[in-house]
Structure formats: C-alpha cells, structure tokens
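Only one structure is covered here, and it is reproduced in the block below.
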Amino acid sequence: MKATLLNLKKLAGRGRAQQTADAGPTEVNQDGEAAEPKLPPPLSLFFMLSHLEDDGPVRLDGVKLAVLEVMGLELDEPRLGAFAGSLNALDFPVQLLVRQHPPVLQGLRERLTDSQPGDLPRQTREAADSLGRLLTALENRAGILDRRFYAVCEHARADELRALLVRAGLGVFPLNGPALRLLLLASALGGSPNERDEDAELEVEVNRRDIRIGEHLTRSLHLGKWPRSLAPGFLQGLMAAGAPMDLSVHLGAIPTEQAARILEWQKVRFESAQSLSFKRGRSMSPEAEIALEDVSRLRDEVQRGRERLFHASLSVTLHADDQDTLKDLTQKARAHFAATLGKLDNLAFRQREGLLSTLPLGLNAVAVWRTLDTSSLARLFPFSPPDLDTRSGTLYGIDLRACAPIVYDPFDGTHLNANTAVLARSGSGKSFATKLGVLRGLCRGVRAYVIDPEGEYADMARAAGGRVLSPGVPGQGMNPFVIDRGDSEELLQRIGSLRRLIEVMVGERLSAERRSSLDHALASYYAERRERTGFRDFYAYLQQETPEIAHLLRPFATGSLRDL
C-alpha cells in the first residue's frame with residue numbers, strides 16, 4: 434500500500450487531515466474509457482488522526498487525548514513502590530511511551546548564537562565557536578540519543594493521571610501547541626521533535642515486515658511471550674542498547690470483582706486438573722504446581738487489595754535508514770527479550786497496526802493483551818534511565834549509561850531553585866566540570882561570580898576577560914554599599930540584600946523593631962544623592978539616626994574587623 438503525503442502540515446494542523454495522491458498510470462475500463470485512478474487510503478485513515486486541537490489530538494473515533502511529558506528518574510526500591518501504589522489507584526486506560534532517537538541540536542546551536550553577548554573576549558568567543566562545532570559533531574555521532582517519556586490518556590482523565598504520576602515522584606508537564614504538533618510529526622515520521630519542513634512531500638509504503646516513510650524505514654514488533662518474572666528496570670537494558678525506537682506500553686485496569694472471579698476460576702481449573710491427575714495415579718507437572726501456587730497467592734493479594742490485575746501490551750517500533758541496520762537492530766531487540774525467556778513476535782502484514790500502537794494516540798491497534806499484576810507491571814517502569822537533556826541550557830557532556838547529551842539550565846524555571854551540587858571522588862574531575870560549565874555559561878551571556886579561596890579559577894577568569902579580586906589587597910575588592918540609583922526596583926532589591934548582609938555581619942537575626950529601623954535607615958540613606966557611598970559613610974549616618982544598630986557594627990568600622 435502506498436500513499437503520498439503532500440503536506441505534512443495537515444497531519445498535525447487544525448481541521449481534519451486530508452491527503453492527495455499521484456494518479457499513477459491511467460487505467461482503461463471495458464468500454465475503452467479512462468477509469469478513475471485508485472487513490473490510496475486517506476492520510477487521516479492511515480494514522481487514525483482526525484485533527485489536532487491546541488491541548489490534545491483527536492482520533493477518528495472522536496476520542497480526545499491528553500499527552501503528558503514525564504521527566505525520567507533513577508529507579509530505586511522506594512520509587513518502585515510509589516509507582517506500584519499509583520498503578521493500584523489507576524482505573525482508566527493509559528499508554529506509556531518512550532521515544533529515543535538521534536538528537537536534533539540545531540535549536541540549541543541557534544539559541545547559543547542568539548544569546549552570545551556582542552562584547553565577548555576573543556578567547557570566550559573561540560570557546561563558543563568550539564562548542565557549536567561540538568554540537569554539530571554530537572548530532573552526527575552514532576549511538577547518541579535524545580530520550581523522552583510520555584503518558585497518554587483520555588483528555589478528561591488528564592488531571593487524575595498527572596496526580597498519580599506526581600504521587601510517584603515524577604515530574605509531569607502537559608504538551609500543547611507547537612510542542613504537541615512536533616511530537617505527532619516526529620512519532621509518525623520517525624526522529625526527534627524538531628522544526629520539520631511541513632511542506633515536504635513524502636511517500637508512505639507499507640510492506641510485509643516494515644514501513645518506508647520517505648527514505649526512512651520502520652519495523653514494529655510485539656512482545657508475544659512475556660518472561661515469567663520481571664526484574665526491576667526490565668526495559669532499561671533495551672533502551673540503553675542505543676537503538677532508535679519508540680516503545681509503548683498500553684495498560685488497563687481490570688475491576689477488582691472481575692479479577693477475583695478470573696483468579697478463582699483459574700484456581701478451580703488447576704485444582705480440578707490436580708484432582709484428575711491424582712485419580713489417574715499421576716502427579717502434576719512442576720509447571721502446573723507453580724501455576725497453582727501463583728494463582729492462589731495472587732487471588733489472596735487481590736482480595737486483600739494489595740494487588741490488582743491489568744491488561745497490558747508492549748510494542749516496539751525500530752527506526753533505521755537501511756535494511757541492514759534495521760535487521761541488526763531487530764536482532765538486538767530480540768536478543769534482549771530472549772535473555773529473559775521472552776519473545777518478540779513479527780507483525781507480518783500488520784506493520785501499520787504496530788506503528789499505530791507506538792504513536793501517542795492511546796490506541797493498541799495490535800489488540801493482543803497479557804494479564805499482569807501490579808508488582809510485575811511496576812517493574813517495567815519505563816521512565817528510566819533519566820535523560821538530563823532539558824532542551825536548553827549548557828552542554829556538560831554525554832551520559833555514558835543513557836547514551837544521551839547532558840544539557841542543563843538551572844535558570845529555566847522548572848526547578849525548585851537554581852542550586853547545583855557537584856559530587857564525585859577525589860580526582861574525578863569536579864573542578865574541570867565546574868570550570869567547563871562556567872565557561873560555557875559565559876558563552877550564553879551568563880554572568881559568573883566565583884568565590885575561589887585556592888585561586889583555581891584565576892587563570893580561567895583572566896583568559897575569559899574577567900577580573901580577579903583579592904580581598905585585603907589595597908585597591909582591590911567589592912563594595913556592596915555602592916549602589917546605582919538609576920533603577921528604583923533594583924535599588925529596593927539591593928537595599929534588601931544589604932539588610933541581610935548586615936544581619937550576617939552582626940551574627941544574629943535582628944528583632945522586628947531593629948529590622949524596621951535598619952530598613953528605614955537604608956532607604957533614607959540611599960534616597961539622598963551623595964558624592965560617595967560606602968560602609969564608613971553609612972556607619973556615620975547610622976550613628977546619628979540609629980545609634981543602637983551602629984553600636985552592633987562598630988567592630989567593622991573602628992575595631993579589629995575594619996580592614997575587611
């Protein structure tokens with residue numbers, strides 16, 4: 434089956450998707466007249482997408498969806514338990530989607546260029562140019578992946594799903610607008626979300642074992658035989674193998690009453706088989722005995738509310754540029770599951786269904802399910818290893834375990850604060866990593882102030898055109914009491930900072946009355962225009978206005994601390 438996508442904008446634009454196809458060779462009917470050409474299925478039918486609204490896609494069946502981006506985390510026992518607890522509270526269908534593809538760093542390069550100050554010193558500008566070349570090299574390096582995690586559900590249940598994921602300790606952000614449009618395009622056509630050429634013409638060809646979209650190949654596989662037991666982080670090994678893929682887990686909770694009836698029926702069936710075997714003078718097989726024990730245990734757990742049963746389905750879509758690479762990726766994926774006694778099935782003549790199952794549409798088109806309990810499903814935990822690529826900020830390096838770039842911006846507003854700690858063993862390169870982060874921050878226009886007791890950063894500061902200040906040396910230092918009165922808002926902020934600085938100098942938290950007096954004195958002092966401002970002048974002013982506070986600061990004016 435072939436189809437030509439003449440305008441990708443209609444795939445992820447407002448309104449219903451449409452499709453036009455080349456007519457191809459003219460067919461002639463029995464009367465010798467030209468027959469109407471056979472057009473391929475419409476694009477909306479192929480991708481099961483009706484249209485895209487600003488806050489979610491709408492499928493052909495009219496179901497509106499919500500797509501949530503989930504920030505990955507390291508997997509540990511407490512987090513696994515919290516995730517299992519969230520699953521136990523789930524009572525509606527959910528799709529968990531992992532997408533990992535070669536990164537598109539063009540946007541990061543453009544933001545780096547746009548944020549560069551015009552007065553960068555020569556050495557810093559050379560460092561910025563070198564960083565741009567490094568980003569280009571990383572984009573073309575094999576094995577480097579951009580990994581992102583998503584959760585999809587019906588739009589009406591989005592708030593419930595978000596609350597459950599947050600309860601499990603995961604960061605969740607709803608996708609809408611351009612970000613949602615790019616995700617749908619990238620999922621349908623393969624690759625990382627980026628500003629695609631939406632007017633490009635691409636041909637879709639569905640074959641027996643793969644789908645060709647333009648020059649890009651995809652192959653979908655389904656987990657037909659599940660391992661008997663799942664280890665925590667079962668999927669991490671597959672994702673860390675470095676294969677471009679979309680991995681989707683569809684799950685839906687089975688009502689507790691129905692689950693109890695199913696387990697009771699299975700228990701009766703196994704016990705009947707056991708009784709029949711004993712009557713015939715034979716014993717049960719070890720597999721049947723284990724199955725009976727598992728069913729009995731699980732029935733008790735379900736009845737106590739500790740476990741729930743879920744319908745689950747796992748599909749994988751692999752991406753490659755040629756058949757040889759696609760074959761190699763397929764063998765690696767199968768080997769990973771075979772090592773745990775699982776088996777990936779071919780979806781011969783069902784590649785479209787496999788591709789649809791790994792699109793963020795909450796649709797399991799493969800329609801093959803496996804029943805899992807809460808503990809087993811929680812061990813899948815698809816949100817790890819975490820991807821520290823925040824799509825903007827400073828490139829720190831490559832996460833060797835996750836095969837992903839580490840791009841971090843502490844000032845992007847999504848973090849609780851901008852504090853960052855660097856922890857490692859002695860000699861591991863903490864100082865180098867910190868200096869690299871400072872230098873690359875300078876390339877983006879970030880102003881850096883380093884408190885450097887050992888003088889480690891002096892050479893870098895001079896090379897980057899900065900200043901090295903040595904407190905105690907005549908003629909050097911910083912005077913926080915010198916304030917530019919041009920900006921009234923900044924003046925108020927600086928006055929607040931000076932009040933906190935004076936509390937540090939005094940060594941105790943001032944009472945409410947003293948804080949009020951100090952704040953009034955600072956505002957009055959800087960409200961008047963003065964030829965010079967400094968601590969000694971401010972101290973003299975305090976002696977006249979608030980002698981009590983001036984007495985607290987006397988060691989810094991006339992005492993042993995006057996040279997600081």
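The opening position of the sequence shown corresponds to residue 434 in the working numbering, with each subsequent residue numbered one higher.
Built from N, CA and C at the ideal position, the CB exists for glycine as well.
DSSP three-state assignment for residue i, whether helix, strand or coil
i: residue 882; result: coil
i: residue 576; result: coil
i: residue 689; result: helix
i: residue 457; result: Below a pLDDT of 50, predicted positions are generally treated as unreliable, and residue 457, at 39, falls in that range; no measurement from the model is reported.
i: residue 890; result: coil
i: residue 990; result: helix
i: residue 504; result: strand
i: residue 552; result: coil
i: residue 850; result: coil
i: residue 980; result: helix
i: residue 511; result: helix
i: residue 867; result: helix
i: residue 641; result: coil
i: residue 837; result: strand
i: residue 787; result: helix
i: residue 806; result: strand
i: residue 483; result: strand
i: residue 912; result: coil
i: residue 547; result: helix
i: residue 755; result: coil
i: residue 492; result: strand
i: residue 775; result: coil
i: residue 947; result: helix
i: residue 798; result: coil
i: residue 749; result: strand
i: residue 625; result: coil
i: residue 921; result: helix
Cα-Cα separation, residue i to residue j
i: residue 990; j: residue 984; result: 10 Å
i: residue 536; j: residue 579; result: 5 Å
i: residue 768; j: residue 787; result: 20 Å
i: residue 494; j: residue 881; result: 54 Å
i: residue 853; j: residue 843; result: 8 Å
i: residue 648; j: residue 754; result: 7 Å
i: residue 721; j: residue 729; result: 12 Å
i: residue 673; j: residue 562; result: 31 Å
i: residue 928; j: residue 541; result: 37 Å
i: residue 886; j: residue 867; result: 15 Å
i: residue 811; j: residue 805; result: 10 Å
i: residue 652; j: residue 794; result: 18 Å
i: residue 573; j: residue 828; result: 16 Å
i: residue 912; j: residue 610; result: 48 Å
i: residue 749; j: residue 596; result: 27 Å
i: residue 949; j: residue 848; result: 33 Å
i: residue 923; j: residue 955; result: 14 Å
i: residue 972; j: residue 930; result: 17 Å
i: residue 736; j: residue 835; result: 40 Å
i: residue 914; j: residue 891; result: 25 Å
i: residue 521; j: residue 506; result: 20 Å
Whole-Å CB distance - residue i paired with residue j, under 8 Å assumed
i: residue 745; j: residue 682; result: 7 Å
i: residue 869; j: residue 897; result: Incorrect: roughly 12 Å between the Cβ atoms, too far for contact.
i: residue 660; j: residue 508; result: At roughly 17 Å, the Cβ-Cβ gap does not stay under 8 Å, so residue 660 and residue 508 are not in contact.
i: residue 839; j: residue 845; result: Not a contact, Cβ separation roughly 14 Å.
i: residue 603; j: residue 816; result: 6 Å
i: residue 696; j: residue 732; result: 4 Å
Residue i classed as buried or exposed, judged by whether at least 16 other C-beta atoms fall within 10 angstroms
i: residue 740; result: buried
i: residue 489; result: buried
i: residue 977; result: exposed
i: residue 916; result: buried
i: residue 569; result: exposed
i: residue 692; result: buried
i: residue 511; result: exposed
i: residue 857; result: exposed
i: residue 709; result: exposed
i: residue 895; result: exposed
i: residue 557; result: buried
i: residue 711; result: exposed
i: residue 640; result: exposed
i: residue 968; result: buried
i: residue 850; result: exposed
i: residue 782; result: exposed
i: residue 655; result: buried
i: residue 533; result: buried
In chain order, which continuous runs of the alpha helix (DSSP H) of length 4 or greater are located wholly inside the segment 555-619? Taking only runs of at least 4 residues, the alpha helix (DSSP H) segments lying wholly in the segment 555-619 are 555-573 and 591-600.
Write down every uninterrupted run of the alpha helix (DSSP H) in the segment 666-743 whose length is 4 residues or greater and which is fully enclosed by it, in chain order. Correct list: 669-672, 689-712 and 719-737.
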